[in-house]
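Read through the structure below, which is laid out as C-alpha cells, and then see the notes.
Protein chains: 2
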Amino acid sequence: MALSEAEFLTGYDPGAYDRPSVAVDLVLMSVIGGAPAALLVRREEPPFAGRWALPGGFVRMDEGLDEAARRVLGDKAHMAGAYVEQLYTFGAVDRDPRTRVISVAYFALLPADCFAAALKADGSLSLARIAVPRTTGDVAGEAWSEDSALPLAFDHAQVLGLAVQRLRGKIDWSPVGFALLPERFTLRALQDVHEAILGVPLNKPAFRRRMLDRGWLEPTGERETGSSFRPAELFRFRSLPISG
Amino acid sequence: MALSEAEFLTGYDPGAYDRPSVAVDLVLMSVIGGAPAALLVRREEPPFAGRWALPGGFVRMDEGLDEAARRVLGDKAHMAGAYVEQLYTFGAVDRDPRTRVISVAYFALLPADCFAAALKADGSLSLARIAVPRTTGDVAGEAWSEDSALPLAFDHAQVLGLAVQRLRGKIDWSPVGFALLPERFTLRALQDVHEAILGVPLNKPAFRRRMLDRGWLEPTGERETGSSFRPAELFRFRSLPISG
DNA sequence: CCAAAAGTGTTGCTACTACACCCATGC
DNA sequence: GCATGGGTGTAGTAGCAACACTTTTGG
Chain A
0 MALSEAEFLT GYDPGAYDRP SVAVDLVLMS VIGGAPAALL VRREEPPFAG RWALPGGFVR
60 MDEGLDEAAR RVLGDKAHMA GAYVEQLYTF GAVDRDPRTR VISVAYFALL PADCFAAALK
120 ADGSLSLARI AVPRTTGDVA GEAWSEDSAL PLAFDHAQVL GLAVQRLRGK IDWSPVGFAL
180 LPERFTLRAL QDVHEAILGV PLNKPAFRRR MLDRGWLEPT GERETGSSFR PAELFRFRSL
240 PISG
Chain B
0 MALSEAEFLT GYDPGAYDRP SVAVDLVLMS VIGGAPAALL VRREEPPFAG RWALPGGFVR
60 MDEGLDEAAR RVLGDKAHMA GAYVEQLYTF GAVDRDPRTR VISVAYFALL PADCFAAALK
120 ADGSLSLARI AVPRTTGDVA GEAWSEDSAL PLAFDHAQVL GLAVQRLRGK IDWSPVGFAL
180 LPERFTLRAL QDVHEAILGV PLNKPAFRRR MLDRGWLEPT GERETGSSFR PAELFRFRSL
240 PISG
C-alpha cells in the first residue's frame with residue numbers, strides 16, 4: 000500500500016533510509032570550426048575506463064546545485080564568466096553501475112577561445128564535436144574527435160543530445176547565442192554560430208535584419224582586421240534594452 | 000584546492016560522504032473556473048505545519064525519477080493517465096530546515112474533473128488557484144483558495160511560478176494544452192484553457208483558425224448539449240498526424 | 001580591374017490579428 | 001422575434017525568406 004503524500008512529507012525520517020548520491024555534470028559547449036562542441040574528460044578508471052565523460056562532481060552538503068555547477072566550472076581556467084543554465088536531471092536507477100547517482104545536468108556556453116587554455120593545461124581533456132540528428136524524437140547525441148567517434152560513459156550521450164536540443168529551441172528567440180562569441184563579433188560570426196547550432200544554412204540578408212531589428216546588437220564603430228576583402232563591422236551584445 | 004573533475008569522477012568514494020535526500024514534488028495542474036489551479040496538501044507537522052505544500056515523496060533507491068513521480072501521482076485517484084514532465088530541480092542548501100533535501104519538481108496536467116474524486120477522498124487536500132505575475136523576471140507564484148491566500152511551505156511558491164511559466168511558454172506551440180481537457184471538448188473550452196494559462200484574452204476567430212490549421216483537432220460529428228443557444232461542435236485531439 | 005565578402009532594396013509569402021457579419025438554437 | 005454564443009469571410013499587418021543588387025577592401 001502506497002503512503003499518501005502527506006505521510007511522506009511530514010512523517011518520513013530521511014535518516015532512516017538509504018540516500019542516493021547527487022552529482023552535477025556540465026556540458027561545456029561552444030562552436031568550434033562550424034560545429035557545436037563540448038569539453039569531455041577521459042576516464043582512467045572503471046566504470047567506463049577509457050571512455051569519455053562530461054566534467055562533473057558530487058554536490059556537497061553545504062552548497063546549492065548552481066553553486067556546485069559553478070565550482071566544477073571554476074576548476075577550468077578562464078571559464079568563470081560563462082552562461083550557465085540547468086538542463087535536466089537524470090536519475091535512472093542503473094545509470095551508474097557503482098551506486099545510485101542522480102545527476103543534475105547543466106550546460107554552460109563559452110566563446111571558442113576559452114577552451115584553448117584548459118586543453119593545454121590538462122591532457123585528459125578533449126574537445127568533441129557534437130553530432131545530433133535533426134529528428135525530433137531522438138535525443139541521443141554523439142561525440143566526435145576529428146574523424147573518430149568518442150565512446151561516452153554513463154548516459155552522457157543523452158545529456159549531450161538534450162543540451163543541443165535545448166540550445167536549438169532557445170537560440171531563435173533568446174539572446175543565449177551571444178554567450179558563444181567573444182565580446183565583439185561580426186554578423187557573419189554570429190550567423191555561423193546559429194547555423195552550427197541549428198544545423199541548417201541560413202539566408203544572409205534575412206539573418207542580418209532579423210538580428211538588427213531585435214535591438215540586441217550595438218554597433219561599435221570598429222571593423223574587423225586581417226581580411227583580404229571588405230572588413231565587416233564589429234558588434235557588441237547590448238545587454239537588455241527594455242529589461243523585460 | 001579544488002579537486003579536478005577527473006578526480007571527482009573516478010576517485011571519489013560516495014560512501015564516505017554525507018548524501019542529501021532526494022524527493023520529487025508534483026505540481027498537479029488544471030484549469031478550474033477560468034484560472035490555473037494546482038492541488039496542495041495541508042501540512043500537519045513541522046516544519047511549516049499548517050502551511051500548504053505540493054504533494055511529493057522521497058525517491059526510493061530502486062526507482063527512477065520519472066517512476067517516483069508516477070508513483071506519487073498514482074496515490075491520487077483517477078490521475079494515472081496524466082501528462083507528466085520534469086520541470087526543474089531545486090537544491091538550495093536551506094530549502095528544508097530539517098536536513099538537506101534536493102527536490103526534483105514535475106508538473107502534471109489533468110482535466111478539471113479529475114480533481115473532484117481526490118478532493119472528496121482526502122480532506123487534507125485543497126485546490127488552489129495559482130496567481131503568477133506576468134512580469135518575466137519574477138518566478139514566484141501565489142496560491143489562493145477562494146479569496147484567501149494560502150501560505151506555502153518550502154520553496155513551493157517558486158515551483159508553482161515556474162510551472163505556470165513553463166506552461167505559458169509551451170502552450171502556443173506544443174499540444175500540451177489538450178491534456179487539460181476531457182477527451183472531447185469545444186473550441187470555446189480550449190480557448191478558455193489557453194486564456195487562463197496565458198492570462199490574456201484571445202481573439203476568437205483568430206484562435207479558432209490557428210488551432211484548426213495546426214491539424215491537431217479532429218472533428219467528432221457530435222455537438223455539445225444542454226446549452227440554451229447554438230450547440231458547439233465537439234473536437235478530439237488527433238494524436239500525431241505526422242509524428243515528427 | 002578582379003575576387004570575395006559586406007551590406008541594402010525590393011518583392012512576395014505566411015501567419016496571424018481585427019472587425020464585421022451570418023448561423024443555429026432555446027425561450 | 002430576439003438574445004446568445006457558434007462559426008465564417010474579408011481585409012490588413014508584422015516577420016521573415018528569397019533574390020538581385022551595390023559597396024568596399026586587398027591584390
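Each protein sequence line maps, in turn, to chains A and B.
The letter at position 166 of the first sequence is residue 165 when you use numbering that gives the first Met the number 0, and the numbering goes up by one with no holes.
The letter at position 23 of the second sequence is residue 22 when you use numbering that gives the first Met the number 0, and the numbering goes up by one with no holes.
Backbone N, C-alpha and C define an ideal beta-carbon position, used for all residues, glycine too.
Worksheet item: What residues match up with E217/A in a beta bridge as DSSP calls it?
Response: Beta-bridge annotation (DSSP): E217/A is paired with R235/A.
Practice prompt. Write down the C-beta distance between V83/A and L179/A rounded to the nearest angstrom, noting that I regard them as a contact closer than 8 angstroms.
Written response: Not quite, the Cβ-Cβ distance comes to about 13 angstroms (not below 8 angstroms), so this is no contact.
Discussion item. Quick check: the Cα distance between L233/B and T185/B, rounded to an integer number of angstroms?
Written reply: Straight-line Cα distance between these residues: approximately 5 angstroms.
Practice prompt. Name the residue from F236/B, V23/B, P35/B whose alpha carbon lies nearest to the alpha carbon of L126/B.
Written response: Closest option to L126/B, Cα to Cα, is P35/B.
Discussion item. Taking 7 angstroms as the limit between beta carbons, can you name the residues of its chain near P218/A, skipping five residues before and five after?
Written reply: Exclusion of the five residues before and after P218/A leaves E232, F234 as the residues of its chain whose Cβ lies within less than 7 angstroms of its Cβ.
Worksheet entry | Rounded Cβ spacing between T88/B and T88/A (contact assumed at less than 8 angstroms) | The pair is a contact, with the Cβ atoms about 5 angstroms apart (cut-off 8 angstroms).
Worksheet item: How long is the line joining the alpha carbons of G39/A and L72/A, rounded to whole angstroms?
Response: Sequence inspection shows Leu at residue 39/A; the Gly mentioned does not correspond to that position. Approximately 13 angstroms between the Cα atoms of the pair.
Item to complete: Taking 7 angstroms as the cut-off, decide whether the C-beta atoms of D24/A and L53/A are in contact.
Response: Going by C-beta atoms, D24/A is nearer than 7 angstroms to L53/A.
Discussion item. Let me check one thing: in DSSP terms, what residues is R128/A bridge-paired to?
Written reply: A36/A, W143/A.
Item to complete: Anything in the segment 106-130 of chain B with a Cβ closer than 8 angstroms to a Cβ of chain A? List those residues in chain order, please.
Response: Those would be D121, S123, in chain order.
Worksheet item: The alpha helix (DSSP H) with A188/B in it runs from where to where?
Response: Residues 186-197.
Discussion item. I need the DSSP call for R208/B, collapsed to helix, strand or coil.
Written reply: It is helical.
Discussion item. For P110/B, which residues in the same chain have their Cβ closer than 8 angstroms to its Cβ, ignoring the five residues on either side in sequence?
Written reply: Excluding positions up to five away in sequence, the list reads S29, A178, L179, L180, P181.
Discussion item. Contact defined as beta carbons within less than 8 angstroms: I believe P150/A pairs with R42/A. What is the distance between those atoms, to the nearest angstrom?
Written reply: Contact flag wrong, Cβ pair sits at about 10 angstroms.
Item to complete: Look at the Cβ atom of L161/B, then the Cβ atom of V138/B, and state whether they are nearer than 7 angstroms.
Response: The answer is yes: Cβ separation under 7 angstroms.
Discussion item. Just checking: is the beta-carbon of E4/A within a distance shorter than 7 angstroms of some beta-carbon in chain B?
Written reply: Note that E4/A scores a pLDDT of 47, beneath 50, so its modelled location is shaky and nothing firm can be said.
Discussion item. On a Cα-Cα basis, can you pick out the residue from I170/B, S147/B, L108/B that is closest to M78/B?
Written reply: Closest by alpha carbon: L108/B.
Worksheet item: When you check each C-beta in the segment 153-182 of chain B against every C-beta of chain A, which residues fall closer than 8 angstroms?
Response: Here the close residues number zero.
Worksheet item: Roughly how many angstroms lie between the CA atoms of P204/B and F228/B, to the nearest whole one?
Response: Each residue's Cα considered, the two are about 19 angstroms apart.
Worksheet item: Would G55/A pass as a contact of G63/B if the rule is Cβ separation under 7 angstroms?
Response: Between G55/A and G63/B, the C-beta spacing is not below 7 angstroms.
Practice prompt. Taking only runs that begin and end inside the segment 90-125 of chain A, name each unbroken alpha helix (DSSP H) of 4 or more residues, in chain order.
Written response: Those alpha helix (DSSP H) runs which fall completely within the segment 90-125 of chain A and span 4+ residues are 113-120.
Discussion item. Let me check one thing: in DSSP terms, what residues is E84/A bridge-paired to?
Written reply: According to DSSP, E84/A bridges with F106/A.
Worksheet entry | L27/A versus D112/A: straight-line alpha-carbon distance, rounded | The alpha-carbon separation between L27/A and D112/A amounts to approximately 13 angstroms.
Discussion item. So, with DSSP's three-state summary, where would you put A178/B?
Written reply: A178/B: helix per DSSP, three-state reduction.
Worksheet item: Hey, E141/B and A156/B are a contact pair by Cβ (cut 8 angstroms); roughly how many whole angstroms apart?
Response: Contact flag correct, Cβ pair sits at about 7 angstroms.
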